[in-house]
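Single-structure report; data block below.
Protein chains: 2
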Amino acid sequence: MAAATPDAPGAAPVPGSPAWWADRPEPRGAPRRGRPALDTDHIIATALRLVDEHGAQAFSLRMLADALGSGTATLYRHFASKDEILAHLVDRVLGEVDLSDLDALATWQEVLAAMAHRFYGALRRHPNAVPPLMAQVPVGPNGLAQRERVLHALLDRGVPVGLAARAFTAIGHYVIGFTAQQHGPTVASPDAAPQLASFYRRLDPTAYPAITRAAATLTSVPLIEEFRFGLDLLITGLERHAPRTPAPAGP
Amino acid sequence: MAAATPDAPGAAPVPGSPAWWADRPEPRGAPRRGRPALDTDHIIATALRLVDEHGAQAFSLRMLADALGSGTATLYRHFASKDEILAHLVDRVLGEVDLSDLDALATWQEVLAAMAHRFYGALRRHPNAVPPLMAQVPVGPNGLAQRERVLHALLDRGVPVGLAARAFTAIGHYVIGFTAQQHGPTVASPDAAPQLASFYRRLDPTAYPAITRAAATLTSVPLIEEFRFGLDLLITGLERHAPRTPAPAGP
DNA sequence: ACCTGAACACCGTTCAAGT
DNA sequence: ACCTGAACACCGTTCAAGT
Chain B
1 MAAATPDAPG AAPVPGSPAW WADRPEPRGA PRRGRPALDT DHIIATALRL
51 VDEHGAQAFS LRMLADALGS GTATLYRHFA SKDEILAHLV DRVLGEVDLS
101 DLDALATWQE VLAAMAHRFY GALRRHPNAV PPLMAQVPVG PNGLAQRERV
151 LHALLDRGVP VGLAARAFTA IGHYVIGFTA QQHGPTVASP DAAPQLASFY
201 RRLDPTAYPA ITRAAATLTS VPLIEEFRFG LDLLITGLER HAPRTPAPAG
251 P
Chain R
1 MAAATPDAPG AAPVPGSPAW WADRPEPRGA PRRGRPALDT DHIIATALRL
51 VDEHGAQAFS LRMLADALGS GTATLYRHFA SKDEILAHLV DRVLGEVDLS
101 DLDALATWQE VLAAMAHRFY GALRRHPNAV PPLMAQVPVG PNGLAQRERV
151 LHALLDRGVP VGLAARAFTA IGHYVIGFTA QQHGPTVASP DAAPQLASFY
201 RRLDPTAYPA ITRAAATLTS VPLIEEFRFG LDLLITGLER HAPRTPAPAG
251 P
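Quick mapping for you: the protein sequence lines, in order, are chains B and R.
Counting in UniProt numbering, the first sequence runs from 1 upward without gaps.
Counting in UniProt numbering, the second sequence runs from 1 upward without gaps.
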């Protein structure tokens with residue numbers, strides 16, 4: 001029957017899910033048992049490097065153990081499963097997003113644009129980490145810290161609390177969807193965009209008149225411009241719900 | 001070096017990529033060799049049923065072969081790899097989206113909203129198929145047919161061709177991102193939304209004041225409303241670029 | 001000529017045997 | 001007490017041997 005209903009009462013929480021992260025009391029550092037031979041951070045950093053280099057599909061625990069000069073069994077002294085390692089890896093990517101200077105921005109529009117662009121940048125630096133990242137709401141320690149910072153900055157600039165949360169969610173979903181489709185591992189060549197455009201242009205115009213017409217018009221739009229277009233739609237849409245005036249900047 | 005750069009010149013195209021679909025001349029039917037014992041459509045339909053029931057991770061070729069009363073080697077007479085099967089499976093899900101009555105809608109806004117809701121509905125019916133779906137731009141026969149229909153309906157209602165293509169892309173990315181985060185297999189319990197909300201609410205208010213405040217306010221917003229909110233942002237944002245007037249309905 | 005059992009080289013995970 | 005080699009039950013894929 002229902003096979004893929006994780007976090008069912010009684011069952012062990014799925015790694016990366018809210019319930020799973022909630023069971024992990026130590027947000028940072030603090031090895032779990034004694035003093036292990038391998039540093040937890042080092043394992044995750046190595047795993048991320050391997051995923052970057054070889055792709056999430058080719059990444060295996062044997063490969064990771066080899067890179068660490070260790071055996072696969074040793075990894076299980078630090079993590080309960082491969083999925084746990086991937087959950088930490090995803091949170092590590094989110095940790096690369098630097099939102100420390102959000103206070104310097106005058107308007108909530110700028111805050112949302114900065115958040116979107118920097119989140120987008122981190123995902124572009126780790127396209128092979130996108131599939132594991134998409135599979136979960138990012139509620140690890142770094143994901144929570146980013147969410148807190150952005151919501152705080154929005155509230156500070158007079159955005160109503162309900163709107164702030166919805167804006168964060170909507171823009172987050174857009175960034176994830178955009179990156180998945182345009183920079184996922186299946187399309188992760190540097191020239192993915194022109195490739196896709198020329199694919200559309202070469203279709204039979206009789207069978208696909210509208211697609212080929214659009215492709216002929218939209219010849220070589222840089223991806224970053226396409227990204228900005230959708231982002232602007234969301235932000236201008238939000239302006240109908242929220243004040244346009246920037247809050248007085250606190251000292 | 002560059003490990004995950006598919007569709008490189010000379011290399012075989014990655015299943016599901018534009019280049020791969022372009023090599024598949026027969027959009028529908030027509031078995032490839034003689035008269036095979038297994039129907040291609042039947043294989044894909046069975047594969048989708050198994051993915052629905054057991055999840056994409058548990059789905060294996062042995063499981064598929066068993067369900068078909070056959071052996072794994074037989075599957076390779078119809079498809080070159082598991083990825084090929086998944087690419088067809090994804091296109092089959094897109095084939096469930098019914099856009100045949102788009103002509104009855106008066107405005108381009110309604111066209112985009114209908115497309116988003118029906119695409120969203122198909123993904124919700126197959127949450128376990130979302131991970132393979134996200135990994136690729138959907139350019140299989142069914143994906144192309146949907147794209148053509150929507151673009152045609154938008155052009156018919158006076159939307160400029162460049163804007164139509166960008167609107168389709170932006171809304172498609174939003175739907176994909178929303179579904180991945182809210183209905184992916186990791187969070188695919190029926191009560192995922194309240195679960196996530198209560199997770200936020202139980203966080204330490206000292207460490208995460210903005211998150212807990214937002215969670216307390218946004219108690220139990222139905223997911224469909226959250227979906228509509230982001231969609232409305234995009235559509236109202238688009239209205240600044242396009243005419244508001246519906247085109248005269250053709251007979 | 002078409003099909004497929006059985007093998008191949010892997011995989012994540014476990015555990016008994018080592019130190 | 002801690003670590004880990006070697007095994008376990010799988011996996012996607014191949015191919016020689018069957019009909």
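Glycine included, every Cβ here is placed at the ideal spot set by N, Cα and C.
Just so we're clear, the structure is a prediction, and the values are computed from it rather than from any experiment.
In whole angstroms, give me the CA-to-CA distance for residue 77 of chain B and residue 42 of chain B.
14 Å
Does DSSP put residue 81 of chain R in a helix, a strand or coil?
coil
Could you pull the start and end residues of the alpha helix (DSSP H) that residue 130 of chain B belongs to?
Taken as a continuous stretch (DSSP letters only), the alpha helix (DSSP H) holding residue 130 of chain B covers 130-134.
Check the Cβ of residue 174 of chain B against every Cβ in chain R and list those closer than 7 Å, keeping chain order.
Within 7 Å Cβ-Cβ: 173, 174 and 177.
If you drop the 5 nearest sequence neighbours on each side, which residues of the same chain put their C-beta closer than 8 Å to that of residue 216 of chain R?
201
What does the alpha-carbon distance come out to for the pair residue 242 of chain B and residue 106 of chain R?
29 Å
Go ahead and label residue 57 of chain B buried or exposed: buried means 16 or more other beta carbons lie within 10 angstroms of its beta carbon, across all protein chains shown.
Around the beta carbon of residue 57 of chain B, fewer than 16 other beta carbons lie within 10 angstroms, which makes this residue exposed.
Residue 118 of chain R versus R:136, R:96, R:152 and R:138, residue with shortest Cα-Cα distance:
Closest by C-alpha distance to residue 118 of chain R, out of R:136, R:96, R:152 and R:138, is R:96.
In this structure, does DSSP put residue 181 of chain R in helix, strand or coil?
helix
I want to verify the contact list: residues of chain B whose CB lies under 7 Å from the CB of residue 152 of chain R, in sequence order.
210
Can you tell me where the alpha helix (DSSP H) with residue 109 of chain R in it begins and where it stops?
Counting along the chain, the unbroken alpha helix (DSSP H) around residue 109 of chain R starts and ends at 108-125.
Have a look at B:87, B:227, B:147 and B:83 and flag the residue whose alpha-carbon is nearest the alpha-carbon of residue 180 of chain B.
The option with the nearest alpha carbon to residue 180 of chain B is B:227.
Pull up the distance between the alpha-carbon of residue 251 of chain R and that of residue 49 of chain R, whole angstroms please.
Residue placement at residue 251 of chain R cannot be trusted, given a pLDDT of 44 that sits under 50; the coordinates are not used to answer.
Does the CB of residue 63 of chain B have a neighbour CB from chain R at under 8 Å?
no
So, is the C-beta of residue 204 of chain R closer than 8 Å to a C-beta in chain B?
no
Local Cβ density within 10 Å of residue 34 of chain B, reported as buried at 16 or more and exposed below that
The predicted model places residue 34 of chain B with a pLDDT of 40, which falls under 50 and marks its position as unreliable, so this point remains unresolved.
Would you identify the three-state DSSP class for residue 59 of chain B, choosing helix, strand or coil?
coil
Would you say residue 114 of chain R faces chain B, with C-beta separation under 8 Å as the test?
no
Express the C-alpha separation of residue 146 of chain R and residue 113 of chain R in angstroms, rounding to a whole number.
14 Å
For residue 18 of chain B, I'd like the list of residues in its chain whose CB is within less than 6 Å of its CB, leaving aside the five on either flank, ordered along the chain.
Within the same chain, residue 18 of chain B has close Cβ partners 139.
Can you find the residues in the same chain that come closer than 6 Å, C-beta to C-beta, to residue 54 of chain R, ignoring five residues on each side of it along the sequence?
Nothing listed; no residue qualifies.
Taking a cut of 7 Å between CB atoms, which residues from the segment 133-144 of chain B lie near chain R?
134, 135, 136, 137, 139 and 144
Spell out whether any CB of chain B is found under 8 Å from the CB atom of residue 28 of chain R.
Low per-residue confidence applies at residue 28 of chain R: pLDDT is 37, beneath 50, and the placement is therefore not dependable enough to give any value.
Alpha-carbon spacing of residue 68 of chain B relative to residue 135 of chain B, whole angstroms
27 Å
Give me the Cα-Cα distance between residue 169 of chain R and residue 156 of chain B, rounded to the nearest whole angstrom.
33 Å
Could you please tell me which residues of the UniProt domain "HTH tetR-type" (37-97) of chain R, in chain order, have their CB closer than 8 Å to any CB of chain B?
53, 54, 55 and 58
Identify the continuous alpha helix (DSSP H) that holds residue 41 of chain B and give its terminal residues.
40-54
Can the beta-carbon of residue 72 of chain B be found closer than 8 Å to that of residue 80 of chain B?
no
Please look up how many angstroms separate the CB atoms of residue 205 of chain R and residue 212 of chain R, rounded, as I've assumed it's under 8 Å.
4 Å
Can you give me the start and stop residues for the alpha helix (DSSP H) that residue 155 of chain B sits inside?
141-156 is the span of the alpha helix (DSSP H), which, as asked, contains residue 155 of chain B.
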